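One structure below.
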Amino acid sequence: MSTQDEFPTLTKSQLTRDEIVAYLLEQKRRGYDVFQDPERKHVLILLLDELHRINFNIGGSLGCQIQGEVYGSPFAIANVSNMAELRSVTDAIAQQVIGSRWSSYATRLRLNESTPATNLASVAALIGGSSVEAVFDPYLENRSLIELLDILSFGNGSIAGNIRVLSTAKTTTGKVPRLTKAGFDAWLAQLGINGELRLMGNSEHRRFLLLSGGQSLLLGPSLNSLHKNEAVRLEADVEDRAFFDQIWVKATPIK
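Just add 139 to the spot in the sequence shown (first one is 1) and you have my numbering.
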């Protein structure tokens with residue numbers, strides 16, 4: 140006999156009002172007008188042109204309802220629960236009504252070893268106004284933490300309070316360890332935040348950042364050697380966050 144237990148639980152929204160506002164501020168910097176609905180404080184309006192707009196209805200367990208309007212009449216409605224969905228739906232609605240005049244938000248890039256400054260700025264653009272909530276990098280070094288700050292200095296992103304960092308003993312051993320608890324603690328103190336660094340097994344090779352708004356930034360290279368001809372891409376974090384949490388509970392705090 141079938142029961143409702145056979146079905147997975149619907150994922151709750153990972154979007155906050157601040158993250159949606161940060162996204163709309165990005166659009167404002169691109170030259171679009173953004174308004175607060177005069178009667179509905181939970182609705183923000185992205186004006187595409189004189190005839191077309193997109194309403195962002197914020198709140199509720201589903202996160203945000205996006206509604207396209209033309210001549211004051213709705214023509215597309217979608218509920219989104221993370222930033223990847225929000226960007227994708229907004230791009231689709233905008234391109235449907237104003238075509239190539241709307242430039243889609245980039246979700247992937249290729250780094251170039253000969254353009255280090257451009258690399259930093261490009262990765263910062265993918266992060267946008269999000270905060271970095273977790274770092275997964277088996278080759279992390281103390282200098283990697285500074286490299287992360289250098290990336291964020293090119294944009295509007297930030298480091299989340301209580302950040303979680305996973306690395307391995309590959310860089311914590313030797314005559315001169317390149318990743319240390321003292322270095323990590325100094326980094327936290329400089330930022331005025333809390334956080335924890337744990338060490339996992341040496342078998343992992345993936346690198347990614349978990350961002351606010353339900354996003355994962357997948358890195359080809361490690362943060363300690365970012366400027367290589369490798370790819371970086373942004374996607375929803377459903378699988379990566381579950382994987383991170385699974386490794387986190389088994390990892391050992393650095394000493």
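Backbone N, C-alpha and C define an ideal beta-carbon position, used for all residues, glycine too.
No experiment lies behind these values; they were computed from the predicted model shown.
Asked: Answer yes or no: do G322 and R303 have a C-beta to C-beta separation smaller than 9 Å?; Found: no
Asked: Identify the residues that DSSP records as bridge partners of D172: which are they?; Found: L186
Asked: Please list the terminal residues of the continuous alpha helix (DSSP H) segment that includes T257.; Found: 255-266
Asked: What are the partner residues of T307, as DSSP defines its beta bridges?; Found: M339
Asked: Report the three-state DSSP secondary structure of V315 (helix, strand or coil).; Found: coil
Asked: Identify the continuous alpha helix (DSSP H) that holds L327 and give its terminal residues.; Found: 320-330
Asked: Pull up the distance between the alpha-carbon of L356 and that of I266, whole angstroms please.; Found: 8 Å
Asked: Below 8 Å, how does it come out for the region 260-279 and the region 293-310: are there three or more Cβ pairs, yes or no?; Found: yes
Asked: How many angstroms separate the CA atom of P213 from the CA atom of I232?; Found: 11 Å
Asked: Does DSSP classify L225 as helix, strand or coil?; Found: helix
Asked: Can you tell me whether F195 is buried or exposed? The criterion is at least 16 other CB atoms within 10 Å of its CB, across all chains shown.; Found: buried
Asked: Residues in its own chain within less than 6 Å of V377 by CB, not counting five upstream and five downstream?; Found: none
Asked: Note the first and the last residue of the continuous beta strand (DSSP E) segment covering I216.; Found: 212-219
Asked: Looking at F293 and L349, is the spacing between their C-beta atoms short of 9 Å?; Found: no
Asked: Under 9 Å, do L154 and S220 count as touching if we go by C-beta distance?; Found: yes
Asked: On a CA-only basis, which of R192, K367, D379 is nearest S351? Give me that one, please.; Found: D379
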